[in-house]
Structure formats: C-alpha cells, structure tokens
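Notes follow the structure.
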Amino acid sequence: MEIYTDSDGLVIFRKYSPLGELSSFASQYAQALSAGTDLGIAITDCDHFIAAGGVSKKDIIGKSMPEEIEQIISSRQVKVFKDGAAGVSINDKAALAVAPIIAAGDIAGSVILLANDNGNDAKESDLKLIKVAASFLGKQMEQ
615 MEIYTDSDGL VIFRKYSPLG ELSSFASQYA QALSAGTDLG IAITDCDHFI
665 AAGGVSKKDI IGKSMPEEIE QIISSRQVKV FKDGAAGVSI NDKAALAVAP
715 IIAAGDIAGS VILLANDNGN DAKESDLKLI KVAASFLGKQ MEQ
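Take 615 as the starting number for the sequence shown in this note's numbering and just add one per residue.
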C-alpha cells in the first residue's frame with residue numbers, strides 16, 4: 615500500500631505496484647519493442663496498464679487490465695492468438711500474444727503484443743521479443 619498526499623493535502627491510498635516503479639523504463643522498452651516489431655505493445659502490472667508503445671498511451675495508461683488478460687497470465691505461460699482469435703482487444707487492437715512477467719516466482723504483470731491497423735499476425739521473432747521483454751522486466755524487479 616502506498617500512502618501519499620496530493621497538492622491539495624488530500625491523503626491518497628493506492629495499491630503498491632513493484633512494476634510501477636519501473637514504469638518510465640517500461641515505457642521506453644515498449645516504444646523500442648513497438649518500433650522493432652511494427653506492432654503495438656502494452657505492459658501491465660497485475661492490475662493496470664503502466665506502459666505502451668505504438669498505440670495511444672493516454673487511452674491505455676492507468677486503465678484496468680481486462681479480466682481475460684488476468685486469466686491468461688495466471689497460467690504463467692505465453693499465450694499466442696492466431697487470426698485475432700483472442701477475443702481480447704485493448705483500445706480496439708486485438709491481442710496477438712501475452713507474456714507474463716514473473717519476478718521472484720510471483721506474477722508481476724504482462725507484456726502484450728497488439729495488432730496494428732493492418733491486422734497482421736505476430737511473427738516468431740515478435741513472440742521471442744515479448745518473451746525476452748517479460749523475462750528482462752522480471753529480472754529488473756528482482757534487483
């Protein structure tokens with residue numbers, strides 16, 4: 615639990631997010647991944663979107679993670695969707711793949727690969743990149 619005050623002196627309680635501490639770094643990582651894959655990238659903690667690349671950040675950052683994504687990451691496995699079969703969309707972009715972020719044995723969030731406007735499927739190299747990103751972010755949280 616985080617406790618802080620705003621500029622008006624109000625006390626604010628917020629659930630602590632270890633991955634949220636890396637949000638600036640995660641944002642840069644999402645932008646680099648998006649540039650490398652030509653697809654959208656979203657990074658979540660266990661509750662909210664904390665970073666995005668290749669998609670409108672203002673429409674994603676801070677929003678609650680869909681329950682479908684929570685169920686996917688609880689399996690601790692990378693989930694790949696073919697031909698938009700996910701049924702999960704984030705800001706009208708179909709999720710192509712979801713990689714859970716695991717830190718010290720706990721689920722800390724996810725890296726989500728999003729379709730671009732052309733509706734392309736993810737290439738094998740794109741999938742490897744989000745797996746590496748999830749692993750790297752998990753390792754960063756452990757330090």
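The beta carbon of each residue, even a glycine, is placed where N, CA and C say it ideally should be.
Q: Would you mind stating whether ALA709 and ILE721 have Cβ atoms separated by less than 8 angstroms?
A: no
Q: Going by CA-CA distance only, name the one from ILE655, THR651, ALA665, CYS660 that's closest to ALA640.
A: ALA665
Q) Rounded to the nearest angstrom, how far is the Cβ of GLY654 from that of LYS707, given a contact under 8 angstroms? A) 5 angstroms
(Q) I'd like the ranges of any beta strand (DSSP E) spanning at least 3 consecutive residues and lying wholly in the region 651-720. (A) 654-658, 663-667, 707-717
(Q) Can you look up GLY752 in the DSSP assignment and give me helix, strand or coil? (A) helix
(Q) For ASP659 and SER648, I'd like the C-alpha separation in whole angstroms. (A) 19 angstroms
Q) Apart from the five residues just before and just after ILE686, which ones in its own chain have a Cβ nearer than 7 angstroms to its Cβ? A) LYS693, VAL712
Q. Taking just the CA atoms, how far does ASP661 sit from ALA646?
A. 23 angstroms
Q. Would ALA718 be called buried (16 or more neighbouring beta carbons within 10 Å of its own) or exposed?
A. exposed
**Q.** Status (buried if at least 16 other CB within 10 Å, exposed otherwise) for GLU624
**A.** Looking at the sequence shown, residue 624 is not Glu but Leu. Per the 10 Å Cβ criterion, exposed.
Q | Cβ neighbours of LEU705 in the same chain (closer than 7 angstroms, five flanking residues each side left out) | A | Leu is not the amino acid found at residue 705; the sequence shown has Asn there. Contacts found: VAL669, SER670, ASP673, ILE674.
**Q.** Closest by C-alpha distance to LYS753, when choosing among PHE663, ILE744, ILE716
**A.** ILE716
(Q) What would DSSP say about SER621, mapped onto helix, strand or coil? (A) coil
Q: Decide if ASP622 is buried, meaning its Cβ has at least 16 other Cβ atoms within 10 Å, or exposed.
A: exposed
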